[in-house]
Amino acid sequence: MKGVDTVARIRREFFVRGRTIKEIVRELHVSRNTVRKVLRSNETAFDYERSVQPMPKLGAWKPELDRILAANEGRSARERLTLIRIFEELRGLGYEGGYDAVRRYARGWQREQVSLSAAAFVPLSFAPGEAYQFDWSHEIVLINGTTVTVKVAHVRLCHSRMLFVRAYPRESQEMVFDAHDRAFAFFKGACTRGIYDNMKTAVETIFVGRERLYNRRFLQMCGHYLVDPVACTPASGWEKGQVENQVGLVRERFFTPRLRVKSYDELNAWLLDRAIAFAKAHRHPELRDRTVWEMFEEERPSLVPYRGCFDGFHAVPASVSKTCLVRFDNNRYSVAASAVGRPAEIRAYADRVELRQEGRIIGEHPRCFGRDQTIYDPWHYVPVLARKPGALRNGAPFKDWILPASLERVRRKLATVPDGGRQMVSILTAVLSDGLPAVEAACGEALAEGVHSADVILNILARAREPVRTVTIMTPDALRLNHEPVADCARYDNLRRAI
128 MKGVDTVARI RREFFVRGRT IKEIVRELHV SRNTVRKVLR SNETAFDYER SVQPMPKLGA
188 WKPELDRILA ANEGRSARER LTLIRIFEEL RGLGYEGGYD AVRRYARGWQ REQVSLSAAA
248 FVPLSFAPGE AYQFDWSHEI VLINGTTVTV KVAHVRLCHS RMLFVRAYPR ESQEMVFDAH
308 DRAFAFFKGA CTRGIYDNMK TAVETIFVGR ERLYNRRFLQ MCGHYLVDPV ACTPASGWEK
368 GQVENQVGLV RERFFTPRLR VKSYDELNAW LLDRAIAFAK AHRHPELRDR TVWEMFEEER
428 PSLVPYRGCF DGFHAVPASV SKTCLVRFDN NRYSVAASAV GRPAEIRAYA DRVELRQEGR
488 IIGEHPRCFG RDQTIYDPWH YVPVLARKPG ALRNGAPFKD WILPASLERV RRKLATVPDG
548 GRQMVSILTA VLSDGLPAVE AACGEALAEG VHSADVILNI LARAREPVRT VTIMTPDALR
608 LNHEPVADCA RYDNLRRAI
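According to this note's numbering, the sequence shown holds residues 128 to 626 in order.
What follows is the structure in structure tokens.
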């Protein structure tokens with residue numbers, strides 16, 4: 128099957144540019160069945176295995192070639208080596224590639240050196256819905272009394288200059304996915320082109336010129352939102368100058384003086400309100416008679432319609448310890464006891480961690496960004512209590528366990544009974560089969576009657592279950608009685624009087 132970049136291009140050609148299947152087949156040289164499969168399945172990737180991954184021969188020799196070119200640039204014009212001489216010198220060091228690769232790289236290197244020394248720039252103009260720019264910045268805030276360096280994702284629509292900012296604890300890939308989803312949901316659409324720097328969460332390899340090897344998951348996200356990604360030249364911030372200027376503007380107007388908030392949710396809600404207020408109060412830099420918000424409202428119909436939330440997770444394999452724990456990002460998360468001894472998959476989202484095994488969810492927790500912390504779900508350990516009821520007293524997952532009101536009252540009453548721990552384990556184990564609402568209701572009914580024994584509560588649960596339906600047996604006509612006997616107790620009274 129084709130790669131995710133071809134899949135993304137097929138989707139863009141069909142949904143954005145309105146090309147027919149026949150035109151896509153001619154242009155991309157793919158079969159009709161492949162195009163139909165991509166369009167009908169609505170998938171952004173199809174798995175396939177590749178035996179050999181081609182790599183440029185020049186890749187390993189770039190540092191050496193950069194050194195030779197830099198040394199050659201420092202010589203006088205009469206003493207500079209030609210590109211043929213440079214190629215021969217590189218071959219003498221062991222390079223086995225061709226001359227054309229060295230020539231193209233040297234021309235690009237020279238253009239880059241010229242661009243670094245150039246002081247003049249060309250103003251850019253973008254059509255509505257054509258492009259957006261993305262970047263990160265680091266800001267310092269006080270969260271719940273602690274000084275924290277937060278990572279702020281910036282998205283800016285190039286035509287209307289509308290901005291979107293959101294703070295995160297990290298710059299990891301799942302944060303990139305979440306920032307894009309929230310930005311496009313706020314804009315109610317996306318642009319046909321996204322401009323990025325060469326961040327590691329998006330670009331894996333930088334080739335000569337504009338060629339890039341993008342991250343597979345990043346391309347899946349772009350294919351989902353029908354965005355064509357474009358990476359800037361390294362160390363060329365002016366190629367996305369709008370979002371670079373936005374970083375300074377947001378730092379000056381939003382984060383000065385230093386903000387004091389209680390959580391990331393409060394910070395991001397405040398940033399969104401400030402961004403909308405700024406857009407409504409400030410004029411567009413080119414059309415001075417309109418505000419940024421008015422231009423944004425006019426640009427909205429030109430955006431690619433919002434495609435829904437992308438499942439933006441970062442997958443990592445893991446093993447489950449005998450204590451029902453999985454280690455991820457310097458923290459430990461609990462999973463169901465039935466998952467012990469088998470490999471699992473961690474799906475890390477921006478705000479939660481989802482743990483899966485063989486396609487089923489074995490645990491889900493809010494994400495923790497500290498270090499060496501253990502996040503328990505006590506219900507994961509209830510099946511273990513059935514075999515080791517004594518662990519209820521000193522088990523780490525059960526410390527400060529907040530149970531529903533009726534269950535907590537039963538637990539306190541059973542704490543004074545000699546066999547109370549074992550009885551409480553029996554009640555907790557019933558949650559696995561009958562569900563927490565049913566057990567809580569049974570505990571409330573038992574407490575209302577003035578009892579709290581596990582036998583009584585389990586009896587109430589048994590009576591509350593749906594009775595087994597009786598099977599009706601149809602009597603054949605040959606066995607039916609013509610005269611059914613009538614019960615008459617008076618016959619026994621007559622017999623007694625006769626005796």
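Cβ atoms here follow ideal geometry from the backbone N, Cα and C, with glycine treated the same way. Everything numeric in this text was worked out from a predicted model, so none of it was measured.
C-alpha distance - residue i paired with residue j, whole-angstrom precision
{"i": "residue 398", "j": "residue 486", "result": "37 Å"}
{"i": "residue 206", "j": "residue 216", "result": "15 Å"}
{"i": "residue 633", "j": "residue 365", "result": "The structure shown has nothing for residue 633, since the chain only spans 128 to 626."}
{"i": "residue 291", "j": "residue 462", "result": "36 Å"}
{"i": "residue 336", "j": "residue 319", "result": "22 Å"}
{"i": "residue 289", "j": "residue 132", "result": "28 Å"}
{"i": "residue 181", "j": "residue 163", "result": "For residue 181, the predicted structure reports a pLDDT of 49, less than 50, and the residue's modelled location is therefore unreliable. A value from the coordinates is still provided. Between residue 181 and residue 163, the C-alpha separation is close to 29 Å."}
{"i": "residue 270", "j": "residue 298", "result": "18 Å"}
{"i": "residue 179", "j": "residue 404", "result": "Here the model assigns residue 179 a pLDDT of 46, short of 50, so the residue's position is not dependable, and the following value carries that caveat. So the alpha carbons of these two residues sit roughly 53 Å apart."}
{"i": "residue 624", "j": "residue 541", "result": "60 Å"}
{"i": "residue 591", "j": "residue 559", "result": "16 Å"}
{"i": "residue 546", "j": "residue 563", "result": "23 Å"}
{"i": "residue 326", "j": "residue 345", "result": "11 Å"}
{"i": "residue 622", "j": "residue 616", "result": "10 Å"}
{"i": "residue 588", "j": "residue 578", "result": "15 Å"}
{"i": "residue 420", "j": "residue 406", "result": "5 Å"}
{"i": "residue 331", "j": "residue 324", "result": "12 Å"}
{"i": "residue 557", "j": "residue 395", "result": "42 Å"}
{"i": "residue 135", "j": "residue 378", "result": "35 Å"}
{"i": "residue 635", "j": "residue 170", "result": "A question about residue 635 goes unanswered here, because the residues of the chain that appear run from 128 up to 626."}
{"i": "residue 208", "j": "residue 477", "result": "52 Å"}
C-beta atoms of residue i and residue j nearer than 8 Å
{"i": "residue 285", "j": "residue 314", "result": "no"}
{"i": "residue 447", "j": "residue 469", "result": "yes"}
{"i": "residue 567", "j": "residue 531", "result": "yes"}
{"i": "residue 304", "j": "residue 348", "result": "yes"}
{"i": "residue 249", "j": "residue 388", "result": "no"}
{"i": "residue 489", "j": "residue 498", "result": "no"}
{"i": "residue 300", "j": "residue 328", "result": "yes"}
{"i": "residue 475", "j": "residue 494", "result": "yes"}
{"i": "residue 275", "j": "residue 306", "result": "no"}
{"i": "residue 481", "j": "residue 444", "result": "no"}
{"i": "residue 354", "j": "residue 260", "result": "no"}
{"i": "residue 516", "j": "residue 552", "result": "yes"}
{"i": "residue 351", "j": "residue 437", "result": "yes"}
{"i": "residue 255", "j": "residue 429", "result": "yes"}
{"i": "residue 195", "j": "residue 213", "result": "yes"}
{"i": "residue 192", "j": "residue 226", "result": "no"}
{"i": "residue 108", "j": "residue 534", "result": "Nothing in the structure corresponds to residue 108, since the chain is present only between 128 and 626."}
{"i": "residue 185", "j": "residue 224", "result": "yes"}
{"i": "residue 264", "j": "residue 279", "result": "yes"}
Residues that residue i bridges to, as DSSP identifies them
{"i": "residue 472", "result": "444, 483"}
{"i": "residue 265", "result": "278"}
{"i": "residue 143", "result": "Answer is none; residue 143 lacks a bridge partner."}
{"i": "residue 355", "result": "320"}
{"i": "residue 509", "result": "Paired residues: none, contrary to the question."}
{"i": "residue 461", "result": "452"}
{"i": "residue 431", "result": "317"}
{"i": "residue 548", "result": "Residue 548 is not bridged to any residue."}
{"i": "residue 284", "result": "259"}
{"i": "residue 490", "result": "482"}
{"i": "residue 290", "result": "283"}
{"i": "residue 339", "result": "333"}
Residue from the options whose Cα sits closest to the Cα of residue i
{"i": "residue 522", "options": "540, 503, 535", "result": "503"}
{"i": "residue 72", "options": "148, 287, 417", "result": "Here the chain covers residues 128 to 626 and nothing more, so residue 72 does not appear."}
{"i": "residue 143", "options": "279, 166, 536", "result": "166"}
{"i": "residue 356", "options": "385, 317, 369", "result": "317"}
{"i": "residue 561", "options": "574, 137, 389, 584", "result": "584"}
{"i": "residue 439", "options": "266, 302, 261, 262", "result": "302"}
{"i": "residue 390", "options": "203, 481, 295", "result": "295"}
{"i": "residue 340", "options": "358, 351, 371, 353", "result": "358"}
{"i": "residue 514", "options": "464, 543, 527, 526", "result": "464"}
{"i": "residue 262", "options": "435, 159, 363, 409", "result": "363"}
{"i": "residue 187", "options": "500, 221, 157", "result": "221"}
{"i": "residue 510", "options": "534, 450, 536", "result": "450"}
{"i": "residue 422", "options": "442, 155, 410, 400", "result": "410"}
| Continuous alpha helix (DSSP H) assignments of at least 4 residues falling wholly in the region 156 to 239 | 159 to 168, 189 to 200, 210 to 219
| task | Could I get the ranges of all uninterrupted beta strand (DSSP E) runs contained in the region 302 to 337, with 3 residues as the minimum, in chain order? | result | 320 to 323, 330 to 333
| said: Suppose only complete runs of 4+ residues qualify. What are the alpha helix (DSSP H) ranges in the region 342 to 391, listed by chain order? | reply: 343 to 352, 368 to 380
| If you scan the region 558 to 615 from start to end, which runs of the alpha helix (DSSP H) of 4 or more residues do you find wholly inside it? | 563 to 575, 581 to 591
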